[in-house]
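Everything on this sheet refers to the single structure shown next.
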Amino acid sequence: MLTFALSLILPHNRAVTAEIWLREYSVLCIASLVATIGAGALFFGLEPKIHRHESYHTVQVTSIIPTGGDTGRMIIDVILPDGSARHMTTKSGAILGGITKTACIERRKRVGTGKLLYRLVPSHNCLGV
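Residue 1 is where the sequence shown starts when you use UniProt numbering, and the numbers rise one by one after that.
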């Protein structure tokens, strides 16, 4: 059927060659086309979420909980400057070494939405605060 359709456009010997090529490489061509479209959609469609640094804060630590296992990750419960409680995680030794009854957090604001984000940082960032 495909040879007949191709022979209407091409000479018969070329139609047979084109059919063999299409049967062999059509899946590869379709897969590469889909992958190219998908990669292009990801590259051009996603916007980076830009954050801006606002300040460092020293906050009260309410508890430190190890997560277990070999990960070395800890869950630190803190009271933020606005009075709300937040669970934060880290496995960085530089951050964990500076946590006693207080911890140092960085306050960041997402550009566009204004959403506040917090993350644990090493305690030397809060020395002048």
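From the three backbone atoms N, C-alpha and C, an ideal C-beta is built for every residue, glycine too.
Practice item. Could you have a look at GLU54 and say whether DSSP puts it in helix, strand or coil? Key: Here residue 54 refers to the residue found at position 54 when the sequence shown is read from its first residue. Strand, per DSSP.
Exercise for review: Compare the Cα-Cα distances from VAL61 to each of TYR25, THR89, ALA103, PRO122 and report the closest residue.
Suggested key: Translated into positions along the sequence shown, residue 61 becomes position 61. VAL61 has its Cα closest to that of ALA103, out of TYR25, THR89, ALA103, PRO122.
Check your understanding: Quick one: what does DSSP say THR89 is sitting in, helix, strand or coil?
Key -> Taking the first residue of the sequence shown as 1, we reach residue 89 at position 89. Strand at THR89.
Practice item. Tell me LYS109's beta-bridge partners as DSSP assigns them. Key: On the sequence shown, residue 109 is found 109 positions in, with the first residue counted as 1. Looking at the DSSP assignment, LYS109 forms a beta bridge with ARG52, LEU116.
Review point. Using the rule of at least 16 other Cβ atoms within 10 Å of the residue's Cβ for burial, across every protein chain shown, is LEU120 buried or exposed?
Key: As a first step, residue 120 is located in the sequence shown; it is residue number 120 there, counting from the start. So LEU120 counts as buried.
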